[in-house]
Structures are given as C-alpha cells and as structure tokens.
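Trainee: Structure in structure tokens, see below.
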C-alpha cells in the first residue's frame, strides 16, 4: 500500500503523518493523528458530521483526499476551545441545550463557526442555510439555530 | 418560533412541589464532552493494529447457495481471515431468546439459504477497510434463485414461498397455538349489527430507518486474562453481551462490554449483530477487530422500523360513541423475527387506543417476508397503529358530524375504565391534553367537552368486563392447508366467555428488597393516588431509630394500601407494599444468558 | 393553483416500559472518601439524557447538590445489569433503581452523621447544599463531606446503596389477549396546521400546537429537547421517510441522505407546547418517559390536516406529494 | 490499489490520463466511490494549476475555470445570475469543494449547474484544445478522457435567466427536478429561448419543442400555454428514490409555468 508523508497544521500545531493512497482526511485525522472530534457519519459527503475547516473554509473531511493537504491548515471542533476557555459557540450549545446525542455537534459547530467567521450578524435564514449540510437526528434543529444566533450576539458584544 | 409552557394548574394537587434538584433545567452531564468533541463514542477508542471486518451479502431476495469460492479473496493483500458460518459456534439465535420468547430462527452468518437481499453469508477480516472491501468483491458465489414474497397478505396465502423454514406458515407462532395474537373484549359482531353507522379504513406504514448519525458498530479487543473487551454502540449493553455469549458459546465472564455514550439509537441499536461479529473476529485473529456498518448498510441491511398494515372497523351509535372496534393488523417482520413478535403483543395491549370502547377485537400477525428483518424504532409497536387509529378517529368524527376534538373527548378513557386487555385505567390525562390543545390552537370546542375530566365519569359500568365472544380460528399450520380469513370472527366460529372473566391481575413493580431502599420521596405516589393530600410539601425522611423495627411498613409515610382510591386500583401501588406482599413470580425456563422469563 | 390550508388533530397515550414487564434495571451508588457520590449503571445514554436525569434523581434522593453526583454509564464490569435504553423505560426503570440505591446510601449517610452529632438519625435531614442538619435546629449540623470522612475513616461504615427496579414478567391469555402491559401511560394531543399546494402536492407545515402529559418534567429542558426533536421526527415520518419508497416492491432503495429524506432546518415549523404533569404513582417523582410518544401524534395529525386541506385521505405513510396529487387527480376524475 | 498523481500543469495532467485514470475535480463524488471501494479507475489524476480555477471576463464572454468551485461562482460579481444555481448545489461545505467542471460529469439527481450551462449554451474547452457544446459533452461524458479546462458562456441579457429547483428538503436537498431558462425578449416577445431540465432524464435535457412554442410569444399566461402543452415531448423522466416518472411528468409543466411567469405574478 503506497504511503505518502504529509505535513499539515492542525488547530495551529504542525503535524506530520503518513497517509495511504486514496485515504480521506477523516481517517487521517482520526487514526493518523488522533483528533477524534470529526465523526464518521456516512463517508458519502451527505451528513456533515465530519465537517472541518481547510484554510478557513468549511469542508467535509470524508470526501477530502488526505494526500492533497500538505501545507494546509485544518481546524476541527477539537481545536475550538483555547485551553479551558470554550469558544462562545461551544458555550452557547451547552447553555441552550443544542445537543442531545452529541454526534453531530462537532460538525455543526464547525459549520456555525464558518458562518460567523464571515458574517457576525447572521439572520435566522442565514443560519439555516449555514447548517443545511449538517444533519441532526435528535434536536429538530431549532435549538441549534437558536444557540448559534445567541453565540453570534455574545461574540458581537465581546468585540464591541 | 416554538414555545413551551407548563400547565401547572392541572393535576396540581397530585404533584407535591418543594423538590431541590428535580424540576430544574440543569445542564446535561455529558454536554462538555459533546461540544468539545471529546465524548467517547465507541469508535473513539484507538487500537494499534486494528483489523476491519466486512460481510459478503446476498444480492437476492431469496436464494440458495450452490457454491462459494473465496480462494481468490483469501489471497488478496491484507486479508487476514475469511469467516465462515461454521466459525460461529452456536450459529442460530432469536434475539428474544434472552427472555425465552420465540424459536431460534436466524444465523449470524447464513450457511445455505438466504431470505433477504443483504443477508450476510461470509465475513472478511483485513488490515484495512479498503482491503476488506476488495476481498468481499472477490468472493464468488453461485446462487439458485428462489421465488420470493414481499407482501404481507400474499405471504399468508397457502401456496406462498416459505420465507423461513423455522416458521413454515410465514407467521410467528403465539403460545404454541395460533398464528396471530388475539384480543377479544365484548362482542364486536353483535355491536356492529346494532350500530348506527360503520366506518372502515385501511392504513399502511412503509419501513423507516432509525438513521442515527452514528452507524452501528463495535470494536472487540483481546484483553489480558483471556477476556475480550467490546466497545459498542449498543442501546442495551447486557442484551448485546448476552447475545454474544450465546452465539459464540462462551462464558459471559470472558466478555467486558463498554458503551453508554451512543450517537443516537432510536431502536436500531438493539439487534446485537455488530458485537458478536467483532468479538468473533477478535477471537479468531487475536487482534482488535472493528465491525461497523457504513451508511449504505445502515440504510438497507440494518433492520428498519417494519412496515405495518391495519384494517380498522368501527361501529358508532347515534350520539357518536364508538360501540365496537375491530382490527386486523400485519407487522412485516422481514425474513426473521428479531423483535416484531414482541411488537405485535405490545400493539395488542395498546388497542383500541386511549378510548373507552365496550366491544373490541383484534387479530394481529407477525408476518415473514423476503425483506430486511424489521426491528425496534422509537414508538415500537405503537407508532403505526396510532397513525391508523387517529386517522380512523378523524374519519369517524366526520361520519358522526362531530368536531374531532369533541369526538375524542366523548370517547376518551378515564380513570377507572376497564381497558380491552382487562386492566383498569388509572392516571389518565387524555381529556386534559385535548382541552389544552383546543385552547392553544384556538380550535373551538363546546362547554360540554370543556367541562369533562379524566378524574370523573369513569368506572362504574365502564369498569365492567363484558361477556366476550371468542374463537379458535387461525391455529398454527391451518393457513398452509386452506385459505383462512384474517379478520376476527370472519370465519364464523364463535364461543362465549362469561362477563367478568379475568384470569390475572395488575402486575405492580416488585417492592424494594430492603427497607433502607424504601423511598422517603416515593410518597409522591401517596399524593398521586390521594385526591386530598394533607400536606403540600414533600414528606421528608423519617429514618428509623431501630432498624429492626423499620421492617414494618407502618413507618413508611403512606395510607392504607387497601383503601379505594377514586375508582382506580392505585391501592396496589407497588412502592408502598410491605416486602412480605411481594407477588409470586413464576420463573419458568430462565435463560442463562440473561435472566428472562418464558413468554410463549 | 392554490395553496390550501387545513388543520388536523390527533391524540395518543403511550405505555412506559417494556410490555409485560420482566425488564429490570439496577443501580449502584457509593460515596467517594469526601462525600461525593458515584452512580454506576450499565444503562445507555443515546442522547435522551440518561446520565443527566439519573444524576438529578440521585442528587434529589441523597439530598446533595447535583454537582456532587456523577453518573457513570455502561461498563459491564462495573455497572450492574440494565435491560437497555428502549421502550421509554429509561427514566421509569433506571430512575426507580437509582432512587432505591440512593435511598440506601442516604440511610447510611444519615446514620454516620447521627453518630457524629450524637442525635437520632431520624431527626436529621440533608439541606441539599452539602450539609446535614437536625430538623428544626439547623445550627446543629455537619457537612456531608465530614460525615462521609467520619463514616469511612473513623466509623468503618460504607456509604453505598444498591437498587433494582423490576415489574415482574407476566403472561398473555392466548384467547382474549388479557395482559398487564405496563404500569403507567403518558399522553399527548396535537393540532397541526398545513398548507398544501394543490398542483404539486407539496405540504408545508405551518404550525403545531401540542399538549404532552409527562407525569413530571424531571428536567424541563431535557423534556423540551425530546418534545421538539421528537415532533420533528414525527413530521419526518409523516411526510418524508421510508427505506422502501415503493413498498412492498423493493425497488429504488435509498442508500444515502440525498435520497433518504428528512426535513431540513428550512422545513421546520413553530411548535407551541404545553406540558401537563400528572405524576404516575410508581414512576420516579412521577416522571414518565416522553422520548417515544412525542413523535406519535404528529403522523396522524398531519394526515388529517392534509385531508382537511384538500380532501385527500393519505392512509399510507409517508404522505408524499405524489400520493396527494394522485388523490386529487382521482377525486377530479382526471 | 489506487495511486494519486498530482500535476502542476494542465498539459502534464492531460498527458497523464490513460484508460485507467480518472480526473478529479472537487472529489465530492469520486471520493465517495473511493470510500466505498467501487471506483472503476486505478489512478486519480489531479492538477493544481491555479489557472484552472480562475474566472475571467474575455471580451464580454465569461470563462469559468473548470476547477472553480460553487463558492467561487457565488462570490464572483460577473456571475451574479448563476449564483442562485451554485447556491442550490449541496450545503456550504460541498459548495466549497464541488467544481464547475465536476458538475458536468455528475449523474442525476446531481447536475443542476450543468443544466444551467446547457440552457446558457455554454462552450466547453477541453485539454485537447478542442471546444465542444454542452449537449455533445453530456452525451459522451462517460467515455471522455480529455480534461475539461474551462466553460465559456455569454451572459444572458440582464434579468432574462431563471432557475428553479424542486427539492423536498429545505434548504439543502437534491433535485426532484430543476429548470433553467434563458428568456431573451425582443419587442415584448420571446426570442432565442432556451429551456433545460435536470432530473427529467439520465442527463440534463433541453426542451426544444417548448422552446419553439415560446419563440415569438409574449411572456404571459396565453403566450406560454402551447409550450406547456408540448414540454414533455423532449423529457424522459424515470422512477427513482425521490419520485416517479409520473410525478415528474405531472409537475414539470406546472413548475415551468411558474418559472416563466414568476415575475408577472400571473399564477
């Protein structure tokens, strides 16, 4: 099995690893590096549980070819908190009961972060659009939408 | 946006307040793990040298295996082991054998004849998932395709293909006697004959996937001390452990199951297939083995909520009271039993819905067809028939010319009513729910409906068990010999059971085994049964000065358990029974895999 | 072309726990050296909140703050048997087992405290904030931590408890179906307002109004989670989901979430919920599990609303635009 | 066994293609096949040439590099008219990955963007230096070994491009069907109409009979009537997981009418 050495930046830290030919980023992150925050949901690109940012843009790790990522910067939900300081989105999901089984939560947080990175003043419809590629089987989405809107508010207050 | 309100004024006197932690919106214990992506789901345990297991599956609905050639697959790069049916020590099981219900009817890996598309016949263990997939593709199987049956009614025809040889009539067999579950209460035929109008409907629900975001899976890892650890997505840890021990014919003491943090289940993670598969893999290879379903397998070979078909016939009197209701129900179990046999009984206990109807009958069938076996899902045994009942109620309301909410309230069950399964209703609240929704949705109902209460008007005549028509139609095997009608009494046979016939009684919970476990707070139930509680605050612990004395129930804050409580049988409240009154339990045929009780 | 409005109603009850009983759950509770409490279960948290609700039940029963209790789920080496997380049995069965285990531990705790305070244990009560005091004389008190330390390091006493809850198994009469299915039932009623496009058969759910009777909302936010999310799933079952779109024919089977349809965040409707609480006598603090029944009234209520809107009875789930359109066509004779 | 060959120039990539190769754009569909072990190729060929991703205005025509993503399209001012189409592809993550070139090869129910390009009469530039039309590309796309390098379109007259996607799941769901129409007007009458459907056959399809029926007609209820009568002639929908052919045939004229009249509010 051909293996390719790659070096990428994961949540701000340079990491080097070997990836198998054809391996997807999800497997590389989880088994190659040990960042377990992106989850396997379908390996089809249809559910969003493996959402990560590549160079600041939302992508699905399960359909991203790992060996193409040398030199790229990856952000996962595992890197959202700074030490013990949770990201406002994480705090908002906690306080607003926006997770039940928690399996979609890391991907959902990355989708939400990708929205707020570009748009600190999202309207509800924009939040709906932003999480539309991320499925949740437990919550009915509404608590998630509310939590993202509340986090945006907190973040706006903080930067003021 | 959505809103939520608490209607605290309703049933307020049954609900003592003054609790510290109960009723608080405390944040979830697991939430920090969820938002940091660090909650330990089964697949979040990493093992060096993890092997991957995948199944070779039938492409046919119904077929016999003529030959299998896996020589090429076995030679492929990274392939460690081909697992065959003969590698499974006890390769026949039925899930509910753990409570001794039903016959062994399903192999873990099928050796000779498959009953559904996707049925596993062989497994491959390889270094990587990709290699396992390649090996699966390289297995050559010669099939003899057999005629199949996919429709529940066609499956009951005398000449239908036999789906599962263990049940040659294509139905589960109840109590070694009937090919269906019966419910008989009163005399529906007589009541239909005198009813003002008859309303009939036929309702169907197609199979539904539980679709948890985390697919089913397990990782089995050889531990020291000759044990196997199994990290699993199961919804039922010991159920899966017991099933694994049984199929692999190994002591449960050698199994260490770890789970408890699961990415959604909705009923689809009870079936206990991934656990024995992965443990078998670990036993055969001595290495950690993962067996998980990809999303396609989760969708199509993971058991769905099965399809249901219901025929309902109602008789109404001139005032809009339902005087008789008859059901014929079919649960499409797919090729094997799994849990559908249980759903049929659960559904039967649920009939005729939350209504007080003096004459009820049903025949419900667990039918085998050549499709993916069905299993539990959220609302198991109830969701489908509730759909049928409530659509039927809408039809009836329109036939009776009544507002649909008023029609429900008119027919609603109340405290003290006798239900069709011959137990009294208690703690009911259907009427209040209807009234509150009428308010919230501004759906006008009349003052008559508005003044009704679950607490009043039940019992009395409505608590009586009527004389009941019964029959012995549908004995096991009859349908293979000739066409037998499926609906209750359609074959004409009838016998009479006298009014008041009741063979058992309410089965309350077993009391605490030790007075120290007897709840100071469970006097909640005192208030629940007592319409006039003497204290509004929560009675507090009255711990014993002398623990020997405390074995007397008198110290427990309660009222006389034999006192009647507003037409209900709440006097049998289990938590207030003295330990000596523990009801006898017949312990026949206890499963050694999990203590269970024979139900056949 | 017209968008036609309609409203439908449905109400249900739901049995709590495994049908016919025979489904025990056990719990173990023990104190750490300084009087925090561990609850050990083999029960599963699927997202329904097993860990959280049993934690609150244990804290309430023990009389200590919830922050001093931790629930450990699902290790078969340490957690005693539980039948599993299904049949709405978690809160009822496991909750009761936890009450019993926590009650036994509490009894030990109060006896240890009584020995330290030189009073009768019967006169003591925990204050819910980490202290134990003499009833009516709160100045005479000891912290749970000190009582626990004294018990375990001075008195030689464990602060632990065992609990099991079992509705014993019962049988069914084959001739009449007589049985004791369960000991308590939850209830719900619902009105759904829809808008149906009579040219395409598309259904939009406009609003849901519901009432759910849950015995007691042990944690109102967890109940809310179940009801909002469960009603979403009911909506999904009503209008979207099936693994076999041409049932009973097995053709065109969905294999992914592109073709296995579920409502997206743009399909959700406002859901106004009223929660009613009529405690069940044998349920933990009266609480009934709302996790399954929350989905059930949605399916028929939507079907009835569609009929109200366009006069088409969709008696086969899911209610697809196609079924509605075919119904409309056959009604029009075209 | 899969190998991945990455080239920095298009020429190299093109010469690297052989009968066992597959060119990978955004990978949103190829990776899925790869994950499920059902790829029909042994080599994946990639090209990192940044030229391939540019969107530029060439003398009034717009040339979209094949590797431009849906997000690139949405963010490009020259392509405002195509933004609603690109925004209807997948969710945000997919749009950051899926490429314009890839969409040309996406089987039904995907291919909404390709449908728009069909309606816009796009010219497809190939690595061989040849140019081809959309219809020709779609009919031979399975065996194409040449690499699509860019898509060349003439922007439609302002406000004369319309798109509607019928999807049950909102806001992100795959198409039951979708319709794109270019509706130029000349003196109050339609002239040079192009209408294309997705989900009404194995590839995106033009509806020439409907186009002809619209030619010279005013864009009103009477004017479009004949087109609605004949639109099904050119469509070959099939049953699939999402809907039957019957349903698609029944609603296609309805949605076409609504698309054509959407701004006149005639419906």
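Protein chains in written order, with the numbering used here: chain W, 619 to 778; chain V, 19 to 618; chain C, 241 to 574; chain Y, 8 to 274.
We put the beta carbon where it would ideally sit given N, CA and C, even for glycine.
Bear in mind the structure is a predicted one, so any value in this text is a computation, not a measurement.
Would you mind listing the alpha helix (DSSP H) stretches within the stretch 145-197 of chain V that are 4+ residues and don't spill past its ends, in chain order?
Mentor: 147-156, 170-173
Trainee: Return yes when the Cβ of residue 175 (chain Y) is within less than 8 Å of the Cβ of residue 681 (chain W), no when it is not.
Mentor: For the purposes of this step, residue 681 (chain W) is identified with residue 63 of the first chain, where counting begins at 1. For the purposes of this step, residue 175 (chain Y) is identified with residue 168 of the fourth chain, where counting begins at 1. Cβ distance not < 8 Å, so residue 681 (chain W) and residue 175 (chain Y) don't count as in contact.
Trainee: Does any C-beta atom of chain D lie closer than 8 Å to the C-beta of residue 230 (chain V)?
Mentor: Included in the structure are the protein chains W, V, C and Y, with no chain D among them.
Trainee: Within 10 angstroms of the Cβ of residue 150 (chain Y), are there 16 or more other Cβ atoms? Answer buried if so, exposed if not.
Mentor: On the fourth chain, residue 150 (chain Y) is found 143 positions in, with the first residue counted as 1. Looking at its Cβ environment, which holds fewer than 16 other Cβ atoms inside 10 Å, residue 150 (chain Y) is exposed.
Trainee: Counting only beta-carbon atoms, is residue 62 (chain V) nearer than 8 Å to chain C?
Mentor: As a position in the second chain, residue 62 (chain V) is number 44, starting the count at 1. Answer no: the Cβ-Cβ gap between residue 62 (chain V) and chain C never drops below 8 Å.
Trainee: Along the chain, where does the beta strand (DSSP E) that runs through residue 262 (chain Y) open and close?
Mentor: For the purposes of this step, residue 262 (chain Y) is taken as the residue at position 255 of the fourth chain. No beta strand (DSSP E) holds residue 262 (chain Y); the alpha helix (DSSP H) holding it covers 252-268.
Trainee: Using a Cβ-Cβ cut-off of less than 9 Å, list which residues of the stretch 302-316 of chain V approach chain W; keep chain order.
Mentor: 310, 312, 313, 314, 316
Trainee: On the DSSP letters alone, give me the boundaries of the beta strand (DSSP E) that residue 10 (chain Y) sits inside.
Mentor: Counted from its first residue, the fourth chain places residue 10 (chain Y) at position 3. Start and end: 10-14.
Trainee: Please work out which residues of its chain come closer than 6 Å, Cβ to Cβ, to residue 505 (chain V), disregarding the five sequence neighbours upstream and downstream, and give them in chain order.
Mentor: The residue labelled residue 505 (chain V) in the question sits at position 487 within the second chain. Counting only Cβ-Cβ distances below 6 Å, and skipping sequence neighbours, we find 346.
Trainee: Using Cβ-Cβ distances below 8 Å, what residues of the stretch 245-259 of chain V are close to chain C?
Mentor: 252, 253, 254, 255, 256, 257, 259
Trainee: In this structure, how does DSSP classify residue 328 (chain V) when only helix, strand and coil are distinguished?
Mentor: Taking the second chain and counting its residues from 1, one reaches residue 328 (chain V) at position 310. Judged by DSSP in its simplified three-state form, residue 328 (chain V) adopts strand.
Trainee: I want to verify the contact list: residues of chain W whose CB lies under 7 Å from the CB of residue 286 (chain C), in sequence order.
Mentor: Translated into the one-based positions of the third chain, residue 286 (chain C) becomes position 46. In chain order: 719.
Trainee: Am I right that residue 238 (chain V) and residue 306 (chain V) are in contact with their C-beta atoms under 8 Å? What's the rounded C-beta distance?
Mentor: Along the second chain, read from residue 1 onward, the residue named residue 238 (chain V) stands at position 220. Along the second chain, read from residue 1 onward, the residue named residue 306 (chain V) stands at position 288. Indeed, because the Cβ distance is near 7 Å, the residues count as touching under 8 Å.
Trainee: Which residues does DSSP pair with residue 205 (chain Y) in a beta bridge?
Mentor: Position 198 of the fourth chain, counting from 1, holds the residue named residue 205 (chain Y). The partner list for residue 205 (chain Y) (beta bridge, DSSP) reads Y:185.
Trainee: Can you find a CB in chain W that lies within less than 8 Å of the CB of residue 273 (chain Y)?
Mentor: One-based indexing of the fourth chain puts residue 273 (chain Y) at position 266. Because the pLDDT of residue 273 (chain Y) is 39, which lies under 50, any placement of that residue in the model is unreliable, and the question is left without a value.
Trainee: Roughly how many angstroms lie between the CA atoms of residue 474 (chain V) and residue 433 (chain V), to the nearest whole one?
Mentor: Position 456 of the second chain holds residue 474 (chain V). Position 415 of the second chain holds residue 433 (chain V). If you take the alpha carbons of residue 474 (chain V) and residue 433 (chain V), they lie about 7 Å apart.
Trainee: Could you spell out where the alpha helix (DSSP H) holding residue 302 (chain C) opens and where it closes?
Mentor: Residue mapping note: residue 302 (chain C) aligns to position 62 of the third chain, counting from 1. 290-302 is the span of the alpha helix (DSSP H), which, as asked, contains residue 302 (chain C).
Trainee: Report the rounded CA-to-CA distance for residue 276 (chain C) versus residue 444 (chain V), giving the unit in angstroms.
Mentor: Reading the third chain from its first residue, position 36 is the one you call residue 276 (chain C). Reading the second chain from its first residue, position 426 is the one you call residue 444 (chain V). Each residue's Cα considered, the two are about 39 Å apart.
Trainee: In the DSSP assignment, find the unbroken beta strand (DSSP E) run with residue 529 (chain C) in it and report its ends.
Mentor: Start at 1 with the first residue of the third chain, and residue 529 (chain C) comes out as number 289. That residue, residue 529 (chain C), is in no beta strand (DSSP E); it is neither H nor E in DSSP.
Trainee: Which stretch, first to last residue, makes up the beta strand (DSSP E) that contains residue 237 (chain V)?
Mentor: If you number the second chain from 1, residue 237 (chain V) lands on position 219. Taken as a continuous stretch (DSSP letters only), the beta strand (DSSP E) holding residue 237 (chain V) covers 235-240.
Trainee: What residue does the beta strand (DSSP E) around residue 349 (chain V) start on, and which one ends it?
Mentor: Translated into positions along the second chain, residue 349 (chain V) becomes position 331. Counting along the chain, the beta strand (DSSP E) containing residue 349 (chain V) begins and ends at 340-352.
Trainee: Locate the beta strand (DSSP E) running through residue 130 (chain Y), then write down its first and last residues.
Mentor: Sequence index remark: in the fourth chain, residue 130 (chain Y) carries index 123 (1-based). Segment 130-133, the beta strand (DSSP E) holding residue 130 (chain Y).
Trainee: For residue 257 (chain Y), which residues in the same chain have their Cβ closer than 8 Å to its Cβ, ignoring the five residues on either side in sequence?
Mentor: For the purposes of this step, residue 257 (chain Y) is taken as residue 250 along the fourth chain, with counting starting at 1. Same-chain partners within the cutoff: there are none.
Trainee: Establish whether the CB of residue 180 (chain Y) and some CB of chain C are separated by less than 8 Å.
Mentor: Translated into positions along the fourth chain, residue 180 (chain Y) becomes position 173. It does: the Cβ of residue 180 (chain Y) has a partner Cβ on chain C nearer than 8 Å.
Trainee: For the beta strand (DSSP E) containing residue 158 (chain Y), name the first residue and the last one.
Mentor: Here residue 158 (chain Y) refers to the residue found at position 151 of the fourth chain. Segment 155-160, the beta strand (DSSP E) holding residue 158 (chain Y).
Trainee: In chain Y, which residues lie less than 8 Å from residue 152 (chain V) when you measure between Cβ atoms?
Mentor: What you label residue 152 (chain V) is simply residue 134 of the second chain in a count that begins at 1. Those are 44, listed as they occur along chain Y.
Trainee: For the putative contact between residue 517 (chain V) and residue 488 (chain V), defined by C-beta atoms under 8 Å, what is the C-beta separation to the nearest angstrom?
Mentor: What you label residue 517 (chain V) is simply residue 499 of the second chain in a count that begins at 1. What you label residue 488 (chain V) is simply residue 470 of the second chain in a count that begins at 1. Not a contact, Cβ separation roughly 13 Å.
Trainee: Hey, how far is the Cα of residue 269 (chain Y) from the Cα of residue 425 (chain C)?
Mentor: Numbered from its first residue, the fourth chain carries residue 269 (chain Y) at position 262. Numbered from its first residue, the third chain carries residue 425 (chain C) at position 185. Distance between the alpha carbons of residue 269 (chain Y) and residue 425 (chain C): 51 Å.
Trainee: With a 10 Å radius around its C-beta and 16 neighbouring C-beta atoms as the bar for buried, classify residue 466 (chain V) as buried or exposed.
Mentor: Position 448 of the second chain, counted from the first residue, corresponds to residue 466 (chain V). Exposed is the call here.
Trainee: Less than 8 Å between the beta carbons of residue 745 (chain W) and residue 727 (chain W), yes or no?
Mentor: As a position in the first chain, residue 745 (chain W) is number 127, starting the count at 1. As a position in the first chain, residue 727 (chain W) is number 109, starting the count at 1. No.
Trainee: Could you have a look at residue 81 (chain V) and say whether DSSP puts it in helix, strand or coil?
Mentor: Taking the second chain and counting its residues from 1, one reaches residue 81 (chain V) at position 63. Note: residue 81 (chain V) maps to strand in three-state DSSP.
Trainee: Kindly list, in the order they appear in chain W, the residues whose Cβ is closer than 7 Å to that of residue 41 (chain Y).
Mentor: The sequence position of residue 41 (chain Y) within the fourth chain is 34, counting from 1. By Cβ distance, chain W contributes 640.
Trainee: Examine chain Y for any beta-carbon lying closer than 8 Å to the beta-carbon of residue 562 (chain C), and answer yes or no.
Mentor: On the third chain, position 322 is the one that residue 562 (chain C) refers to. Judged by the 8 Å Cβ criterion, residue 562 (chain C) is in contact with chain Y.
Trainee: Using a beta-carbon distance below 8 Å, is residue 757 (chain W) in contact with chain C?
Mentor: In the first chain, residue 757 (chain W) corresponds to position 139, counting from 1. Taking Cβ atoms only, chain C reaches closer than 8 Å to residue 757 (chain W), which makes this a yes.
Trainee: Among the residues of its own chain, which have a CB less than 7 Å from the CB of residue 187 (chain V), if the five just before and after it don't count?
Mentor: If you number the second chain from 1, residue 187 (chain V) lands on position 169. Excluding residues within five positions, the ones whose Cβ falls inside 7 Å are 197, 494, 495, 497, 498.
Trainee: Check each candidate in V:369, V:388, V:303, V:39 and name the one with the smallest Cα separation from residue 355 (chain V).
Mentor: Reading the second chain from its first residue, position 337 is the one you call residue 355 (chain V). Answer by Cα proximity: V:388.
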